[in-house]
Structure formats: structure tokens, C-alpha cells
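Right, one structure below, let's go through it.
Numbering (this note's numbering), first residue to last: 3 to 345.
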């Protein structure tokens with residue numbers, strides 16, 4: 003495969019319809035996909051967290067610099083035209099500038115042409131550009147792409163690890179989580195209500211003993227999808243508490259009969275019983291196990307009031323600065339511990 007660095011006419015380059023960042027957004031249009039809708043999906047997929055969408059920041063940067071610095075990557079299609087494999091958002095901005103007659107020369111764009119490019123070459127470009135690149139990419143979309151590489155491109159795990167990083171167990175869990183989410187959650191919600199931010203709950207579902215506990219309790223994975231849909235499990239990390247909740251008859255009843263966040267009430271039932279059992283000691287910071295400390299801190303962070311978050315971000319006083327330092331130290335210790343005990 004050769005790489006040629008050239009200037010290409012923007013109008014001769016088509017978008018990549020298999021771009022992982024917009025694959026889900028394009029599904030709703032089925033066969034009605036066109037350049038305008040792909041451009042809209044690219045704009046929507048590049049939302050930022052700083053108040054200004056990253057698409058808009060990139061557009062302003064390109065306009066101020068009178069062009070891009072990093073070339074886009076294209077392949078030659080069977081009709082002799084070009085398909086953009088990496089840089090679809092940059093291409094969309096050039097096309098937008100041309101359409102809106104923005105001052106400057108936007109007719110040509112810096113490009114790297116891969117010719118010839120095998121299917122594996124193209125997938126490698128997509129992986130390195132999107133899966134392990136610098137831009138945030140929703141976990142669900144990453145899992146979708148891993149599923150695609152494994153089940154449609156038939157890529158073996160060793161090659162996937164080399165391209166994407168991680169380990170086989172993590173990749174298997176993400177692929178299985180993607181399957182379960184689409185099999186048992188998508189069917190119980192309307193398409194417009196399908197929330198990919200619920201994905202981590204299905205990753206938790208793959209961990210040891212979670213599914214066993216669900217089946218042993220007389221439930222199934224469709225029930226799990228409904229618990230996620232209905233918000234019975236609101237904090238997705240609480241999925242890992244399903245075994246102890248479903249094995250306790252009182253807690254199980256509280257959970258199944260309750261409404262939103264009912265698993266949290268069920269967990270309290272279990273914890274209260276544990277503390278009142280003969281021989282149990284009252285939990286204090288000194289007597290609490292690592293498990294109880296981790297659960298308590300996790301809840302505290304999850305339920306952190308906005309006023310406290312704002313104070314931490316602003317570093318309002320010495321106390322907030324000390325809190326941040328303590329959390330940073332805790333994060334480093336946890337990272338080290340988890341690496342030591344990882345599967």
C-alpha cells in the first residue's frame with residue numbers, strides 16, 4: 003500500500019458511511035442516507051463538554067488558520083473517486099465553507115491517498131483514528147466497532163489487542179455487553195429512548211456471578227433490560243450489587259416492587275441486616291472493610307451536590323484544595339492496586 007500526499011478537490015471526496023463515530027446516528031435514516039445527513043451526524047457527534055461544541059472549535063480553528071494542518075486520509079473507490087477514512091469532520095467543514103461561500107480557498111484539501119488499500123488497511127486506519135485516538139468516543143460506539151471487527155471482519159483477538167490495546171477479557175466483555183444491550187435493552191425501549199450512556203451497566207452485567215444471580219432469582223436478561231430502562235438500577239455501578247440483593251428475599255422484594263433507584267433501598271436492607279446480625283460490629287471508619295469504604299465513597303461522589311462540585315472546580319479555599327489532593331492520591335493508589343489485582 004502506497005501513501006501519496008496530494009491536494010484533492012473537496013467535491014471529489016465522499017464521506018465514510020462506516021465512520022464509527024456516526025454509525026448509530028445514521029441507522030435511523032436507513033437507505034435515506036445522503037451527504038447532508040452525514041454532515042449533520044458529524045456535527046452532532048462532535049459535541050464538546052466545555053460549552054462550545056468541538057465541531058465549532060475545529061471550524062473556527064481551520065478558518066483562522068486558512069486550512070488544516072493534518073491531512074485527511076482517503077482511499078480510492080471503484081469508481082475512481084475518493085472516500086475519506088480519517089478526517090470526515092474536517093472534510094465536512096471544508097464543504098460547509100464552500101456552501102456558505104466563506105472567504106478563502108476551500109476547493110482543495112490536504113490529503114493522504116492510500117492506494118491500493120485492503121479492507122484490513124482501512125479498518126486499521128479507522129481503529130487508530132477513532133478507537134485509540136485523542137478524541138473522546140462513547141464506550142458503546144467503541145464496543146460496536148470491536149463487535150464489527152470480531153464478528154464481521156473476523157479479526158482475531160491478538161490483532162485487535164495490537165490495534166486497540168487492552169486485553170482479551172476486556173474486549174470480550176465489551177463485545178458481549180454490546181450484544182446484550184442490543185438484544186435485551188433495545189427491545190424494551192423506543193428507538194428514541196435508546197440511551198447509549200446506559201452501556202456501562204451492561205459491561206457490569208458481564209462480570210462474574212451477575213448473570214448467575216439473575217437466573218437463580220427466577221429472572222432473565224430481558225428483566226435486566228427493563229430494570230435499566232425503568233431506572234430501578236439508576237447508578238450503573240449498582241449492577242454489581244445484584245447478587246447480594248437477589249439472594250436476600252426481603253431486599254429482592256424491595257427491589258422488584260420498587261420504582262426508580264429501588265436497588266439502592268434494597269442494598270440498604272441488606273446492609274442493615276448485616277449490621278444487626280449476632281456478632282456484627284457497628285461500622286466505623288476504623289472497622290469498615292475496603293468494600294464498605296469504596297461503596298460509601300462511590301455513593302458520595304455520585305451524589306455530590308453541584309454546589310460542592312463548583313467549589314472544588316473553583317478551588318475556593320484551602321479545604322477544597324486539600325480534598326482535591328487527597329482524591330488525586332487516592333486515584334493513584336487505586337490505579338496501582340487495580341493493576342496488581344486485574345484479571
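Just so it is clear, CB atoms sit at the ideal spot from N, CA and C, and this is done for glycine as well.
Checklist entry - Buried or exposed: residue 73, going by 16 or more other Cβ atoms within 10 Å of its Cβ? => result As a first step, residue 73 must be located in the chain shown, where it is residue number 71. It counts as buried.
Checklist entry - Does the beta-carbon of residue 257 have 16 or more other beta-carbons within 10 angstroms, so that it is buried, or is it exposed? => result For this step, residue 257 is matched to residue 255 along the chain shown. It is buried - the Cβ of residue 257 has at least 16 other Cβ atoms within 10 Å.
Checklist entry - Does DSSP put residue 289 in a helix, a strand or coil? => result On the chain shown, position 287 is the one that residue 289 refers to. Residue 289: coil per DSSP, three-state reduction.
Next on the checklist: At the level of alpha carbons, what is the spacing between residue 152 and residue 158?
Outcome noted: Taking the first residue of the chain shown as 1, we reach residue 152 at position 150. Taking the first residue of the chain shown as 1, we reach residue 158 at position 156. Rounded to whole angstroms, residue 152 to residue 158 spans 7 Å at the Cα level.
Checklist entry - Grouping DSSP H, G and I as helix and E and B as strand, with all else coil, what is residue 177? => result One-based indexing of the chain shown puts residue 177 at position 175. In the structure shown, residue 177 sits in a helix (DSSP, three-state: H, G or I).
Checklist entry - Going by the CB atoms, is the gap between residue 149 and residue 124 shorter than 8 Å? => result Within the chain shown, numbered from 1, the residue matching residue 124 stands at position 122. Within the chain shown, numbered from 1, the residue matching residue 149 stands at position 147. Their beta carbons are not under 8 Å apart, which means residue 124 does not touch residue 149 by this criterion.
Checklist entry - What are the boundary residues of the beta strand (DSSP E) that includes residue 117? => result The sequence position of residue 117 within the chain shown is 115, counting from 1. Its beta strand (DSSP E) spans residues 110 to 117.
Item to check | Length-filtered (4 minimum) alpha helix (DSSP H) runs lying within the stretch 200 to 244 | outcome: 201 to 207, 212 to 218, 223 to 232
Item to check | Distance between residue 44 and residue 38 (C-alpha atoms, nearest Å) | outcome: As a working note, residue 38 is residue 36 in the chain shown. As a working note, residue 44 is residue 42 in the chain shown. Answer to the nearest angstrom: the Cα atoms are 10 Å apart.
Next on the checklist: So, does the stretch 103 to 119 touch the stretch 76 to 93, judging by three or more C-beta pairs under 8 Å?
Outcome noted: yes
Next on the checklist: I need the boundaries of the beta strand (DSSP E) containing residue 74, first residue and last residue.
Outcome noted: Start at 1 with the first residue of the chain shown, and residue 74 comes out as number 72. Where residue 74 is concerned, the enclosing beta strand (DSSP E) stretches over 74 to 78.
Item to check | Sequence-distant residues of the same chain with beta carbon closer than 7 Å to residue 236, five excluded per side | outcome: Reading the chain shown from its first residue, position 234 is the one you call residue 236. 262, 263.
Next on the checklist: Measuring only the C-alpha atoms, how far is residue 179 from residue 102?
Outcome noted: Taking the chain shown and counting its residues from 1, the one referred to as residue 179 is at position 177. Taking the chain shown and counting its residues from 1, the one referred to as residue 102 is at position 100. Rounded to the nearest angstrom, the two C-alpha atoms are 43 Å apart.
Item to check | Outcome for residue 156 when other beta-carbon atoms lying within 10 angstroms are tallied against a minimum of 16 | outcome: Against the chain shown, residue 156 aligns to sequence position 154. With fewer than 16 Cβ atoms within 10 Å of its Cβ, residue 156 is classed as exposed.
Checklist entry - Can you tell me whether residue 244 is buried or exposed, with buried defined as 16 or more other CB within 10 angstroms of its CB? => result Here residue 244 refers to the residue found at position 242 of the chain shown. With 16 or more Cβ atoms within 10 Å of its Cβ, residue 244 is classed as buried.
Item to check | C-beta atoms of residue 241 and residue 192 nearer than 8 Å | outcome: Numbered from 1 along the chain shown, position 239 holds the residue referred to as residue 241. Numbered from 1 along the chain shown, position 190 holds the residue referred to as residue 192. Their beta carbons are not under 8 Å apart, which means residue 241 does not touch residue 192 by this criterion.
Item to check | Segment limits, alpha helix (DSSP H) that includes residue 428 | outcome: The structure shown does not extend to residue 428, since the chain is modelled only from 3 to 345, so the question has no answer here.
Item to check | residue 15 (DSSP reduced to helix, strand or coil) | outcome: Here residue 15 refers to the residue found at position 13 of the chain shown. In the displayed model, residue 15 falls within a strand according to three-state DSSP.
Next on the checklist: On the CB-based measure, 16 or more other CB atoms within 10 Å of its CB, does residue 342 come out buried or exposed?
Outcome noted: The sequence position of residue 342 within the chain shown is 340, counting from 1. Per the 10 Å Cβ criterion, exposed.
Checklist entry - Is the distance from the Cβ of residue 141 to the Cβ of residue 41 below 8 Å? => result Along the chain shown, one-based indexing puts residue 141 at 139. Along the chain shown, one-based indexing puts residue 41 at 39. Not a contact, by the Cβ cut-off of 8 Å.
Item to check | residue 53, DSSP secondary structure in three states | outcome: As a first step, residue 53 is located in the chain shown; it is residue number 51 there, counting from the start. Residue confidence for residue 53 is low, a pLDDT of 40 falling below 50, so the modelled location carries little weight; the figure read from the coordinates is stated next. Three-state DSSP puts residue 53 in coil, outside helix and strand.
Item to check | Contact set for residue 267: own chain, Cβ-Cβ below 7 Å, skip 5 residues either direction | outcome: The residue given as residue 267 occupies position 265 in the chain shown. Closer than 7 Å at the Cβ level, and outside the excluded window around residue 267, lie 256, 260.
Checklist entry - Are the beta-carbon atoms belonging to residue 252 and residue 271 less than 8 Å from one another? => result As a first step, residue 252 is located in the chain shown; it is residue number 250 there, counting from the start. As a first step, residue 271 is located in the chain shown; it is residue number 269 there, counting from the start. Yes, the pair counts as a contact, with Cβ atoms nearer than the cut-off.
Next on the checklist: Let's see if you can read the secondary structure: which residues bound the alpha helix (DSSP H) around residue 254?
Outcome noted: The count along the chain shown starts at 1 and reaches residue 254 at position 252. Annotation for residue 254: the continuous alpha helix (DSSP H) segment containing it runs 251 to 259.
Item to check | Under the three-state DSSP convention, the category residue 336 falls into | outcome: Residue numbering aside, residue 336 sits at position 334 when the chain shown is read from its first letter. DSSP, reduced to helix, strand and coil, places residue 336 within a helical segment of the structure shown.
Next on the checklist: Suppose you measure from the CA of residue 249 to the CA of residue 227; what does that come to, to the nearest Å?
Outcome noted: Counting from one through the chain shown, the residue named residue 249 turns up at place 247. Counting from one through the chain shown, the residue named residue 227 turns up at place 225. The alpha-carbon atoms of residue 249 and residue 227 are separated by roughly 19 Å.
Item to check | residue 17 burial status per 10 Å Cβ neighbour count (16 or more: buried) | outcome: By 1-based counting over the chain shown, the position of residue 17 is 15. So residue 17 counts as buried.
Item to check | Which of helix, strand or coil DSSP assigns to residue 71 | outcome: The count along the chain shown starts at 1 and reaches residue 71 at position 69. DSSP places residue 71 in coil when its eight states are reduced to three.
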